[in-house]
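Top to bottom, those sequences are chains A and B. Each residue of the first sequence is one higher than the one before, counting from 1 in the numbering used here. Each residue of the second sequence is one higher than the one before, counting from 1001 in the numbering used here.
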Amino acid sequence: MSIWSNLGLVYALLGAAVAVFLAGAGSAIGVGIAGQAAAGVVTEDPSKFAKVLIMQLLPGTQGIYGLLVGFITLSKVGLLGGGAATLDPQTGLLILAACMPIGIVGLISGKYQGMTSAASIGIVAKKPDQFGKAMLFPAMVETYAILALLISILAVNAVQI
Amino acid sequence: MSEQYTYAVARIRALEVSLFSGSTIDQLIACQSYEQCLQFLEEKGWGDSETSGNAEAILTREEEKIWEVVKELSIDMKNFDVLSYPKLYHNLKAAIKEVCTEEKNRHIFYEDVSIPGSVMLEIIKERDFGKLPAHMQGAAQEAYETLLHTRDGQLCDVIIDRAALDAIYQAGKASDVPIIRDYAESTVAVADIKIAVRSQKTAKSIEFMKRAMAECASVSVDQLSKAALAGADAISEYLLGTAYAEGAEALRTSPSAFERWCDNRIIQTISPQKYNAFTIGPVIAYVIARQNEIKTVRIILSGKLNELPDDSIRERVREMYV
Chain A
1 MSIWSNLGLV
11 YALLGAAVAV
21 FLAGAGSAIG
31 VGIAGQAAAG
41 VVTEDPSKFA
51 KVLIMQLLPG
61 TQGIYGLLVG
71 FITLSKVGLL
81 GGGAATLDPQ
91 TGLLILAACM
101 PIGIVGLISG
111 KYQGMTSAAS
121 IGIVAKKPDQ
131 FGKAMLFPAM
141 VETYAILALL
151 ISILAVNAVQ
161 I
Chain B
1001 MSEQYTYAVA
1011 RIRALEVSLF
1021 SGSTIDQLIA
1031 CQSYEQCLQF
1041 LEEKGWGDSE
1051 TSGNAEAILT
1061 REEEKIWEVV
1071 KELSIDMKNF
1081 DVLSYPKLYH
1091 NLKAAIKEVC
1101 TEEKNRHIFY
1111 EDVSIPGSVM
1121 LEIIKERDFG
1131 KLPAHMQGAA
1141 QEAYETLLHT
1151 RDGQLCDVII
1161 DRAALDAIYQ
1171 AGKASDVPII
1181 RDYAESTVAV
1191 ADIKIAVRSQ
1201 KTAKSIEFMK
1211 RAMAECASVS
1221 VDQLSKAALA
1231 GADAISEYLL
1241 GTAYAEGAEA
1251 LRTSPSAFER
1261 WCDNRIIQTI
1271 SPQKYNAFTI
1281 GPVIAYVIAR
1291 QNEIKTVRII
1301 LSGKLNELPD
1311 DSIRERVREM
1321 YV
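The following block contains the structure:
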């Protein structure tokens, strides 16, 4: 089986990879940044561990969204069921394009959500009673990852195979 | 944006909780006696098991704690040069005086700097000035020879203090961190103004003032020294045309009001760092805030020890960072 005769499937698989790879990288960066801040607070005040851990995990969702879109894509092209569909390059490219929103937005929003989480961890360090308000700031960034996830899912599902 | 300070800033945020606020300082002033003040400080976690009941030991321990935290943050200590130079130059001054006068007084040295007392003393004894940092070498040799030949302690002080101001200013200029630049500029300008005020009171010559003052961007050494020669009002008048106009008002009130204004100005300069999450600014601000806090507590303790009325202690109390 030549790769050129299955270019459609290659593009579709690339789409799934982009969704998982970029969104996952965004989450890794974000969780890493927030984790540094969380470690700083716990060094001085271990009692805040639970609160800062939740803050650290907030940028982790982009990776899950990427994984979800990856799964849907693989399932759509039949790679998970064992019988891969035959796709023309045009359809493959459509699937790749459908995966782009969560990949790119996941990468950028993951990083910035991590930075916002780190700043909010500063609020928790000084005013633990303001935890609810502090959590809202990084949660705002999440909105855009969810919008991208929505469009990616709708677009992958809309492609006719 | 740099993530390398994320850990440090978050840790500093957690530490800021234990900084004294204005109301804590009010509580300290409200203590009935010196002993009660010490007890209050110990309840707040100041000092350690070895410093109990000894005010000077408690304050020294607190100063050491600042640098212990800073060293754990894995930040290049070059960033703290502007804050450590005064202590470093103090050690130089103390070592030169000890070597030249042969008076032994070990406890006058700071030990938490890059060249602790014993090392500094060794360098000066052997006249091995090449072992000192480049910015210190010239001043160290000049001050040493001046004191040895003229026995003029004040001149020796002037040479070293001037070199310290120049070093702080250069370290500030070399830094790309705005708070370090602002702090260095502010420190040198305020030191120049203090020199002008004291020189005017003790009727020093313009040559003396120019030798003691360090050049900086916000204050003109030439104009300030001429103003000091003309009188106290001329200094205030000159300051009104600079960024230190409020200082002129404080200067008219009293020397202690002026000193208080100088410290408050530094705290106002660093205040925006409370809202900064990623740069080195909050770490520098924390060190300055802690030093300011220790200075304020020292003022209160000495007021209490000398049984000054609460109002006159309050007049001298500095603004707090938090």
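Positions of the beta carbon are idealized from the N, C-alpha and C atoms, including for glycine.
inquiry  = To the nearest angstrom, how far is the alpha carbon of B:S1023 from that of A:V141?
reply    = 37 Å
key: Min CB distance A:G122 to chain B below 8 Å   = yes
task = Taking only the alpha-carbon atoms, compute the straight-line gap between A:L58 and A:V31 and give it to the nearest angstrom.
result = 8 Å
ask   = Should the region 144-160 of chain A be called in touch with the region 118-126 of chain A, which here means at least 3 C-beta pairs below 8 Å?
value = no
task = From the DSSP output, in three-state form, read off A:G63 for me.
result = helix
inquiry  = Quick check: is the beta carbon of B:Y1321 nearer than 8 Å to any beta carbon in chain A?
reply    = no
Beta-carbon gap between B:L1251 and B:I1235 smaller than 8 Å = yes
query = Any contact of the region 1269-1278 of chain B with the region 1006-1016 of chain B, i.e. 3+ C-beta pairs under 8 Å?
reply = yes
query = How should B:N1054 be labelled, buried or exposed, when 16 other C-beta atoms within 10 angstroms of its C-beta is the threshold for buried?
reply = exposed
Alpha-carbon spacing of B:Y1089 relative to B:Q1137, whole angstroms = 11 Å
key: Assigned secondary structure, B:C1031 (DSSP; H/G/I helix, E/B strand, else coil)   = coil
ask   = How about B:K1171 and B:A1163: do their beta carbons lie closer than 8 Å?
value = Sequence check: residue 1171 of chain B is Ala here, not Lys. Result no, Cβ atoms of B:A1171 and B:A1163 do not sit closer than 8 Å.
message = Buried or exposed for A:I3, going by 16 or more other Cβ atoms inside 10 Å?
response = exposed
request  = Indicate whether B:I1179 and B:I1284 have their beta-carbon atoms separated by less than 8 Å.
outcome  = yes
task = Note down the Cα distance separating B:R1358 from A:D129, rounded to an integer number of angstroms.
result = The structure shown has nothing for residue 1358 of chain B, since chain B only spans 1001 to 1322.
request  = Taking 8 Å as the threshold, find out whether the region 76-85 of chain A comes into contact with the region 1038-1054 of chain B through three or more Cβ pairs.
outcome  = no
request  = Report yes or no: is there a C-beta of chain B within less than 8 Å of the C-beta of A:A43?
outcome  = According to the sequence provided, residue 43 of chain A is Thr. The question's Ala does not apply to it. Output row for A:T43: interface = yes.
key: Assigned exposure category for A:S5 - 16 Cβ within 10 Å defines buried   = exposed
request  = Note down the Cα distance separating B:A1212 from B:V1190, rounded to an integer number of angstroms.
outcome  = 13 Å
query = Going by the C-beta, is B:L1041 closer than 7 Å to any heavy atom of the ligand ADP?
reply = Ligands are entirely absent from the displayed structure, and the ligand ADP is therefore not among its contents.
ask   = Checking contacts by CB at 8 Å: is A:K51 closer than that to chain B?
value = no
message = Tell me the rounded alpha-carbon separation between B:C1037 and A:V105.
response = 57 Å
key: C-alpha distance - A:L22 paired with B:L1015, whole-angstrom precision   = 36 Å
query = Which term fits B:M1001, buried or exposed, when burial requires 16 or more other beta carbons within 10 angstroms of its beta carbon?
reply = Confidence in B:M1001 is poor, its pLDDT being 47 and thus under 50, which makes the residue's placement unreliable; the coordinate value appears in the next sentence. Under this definition B:M1001 is an exposed residue.
inquiry  = Tell me the DSSP secondary structure of B:M1001 in three-state form.
reply    = For B:M1001, the predicted model reports a pLDDT of 47, less than 50, meaning its position is unreliable and no value from the coordinates is stated.
ask   = Cβ of B:T1006 less than 8 Å from any chain A Cβ?
value = yes
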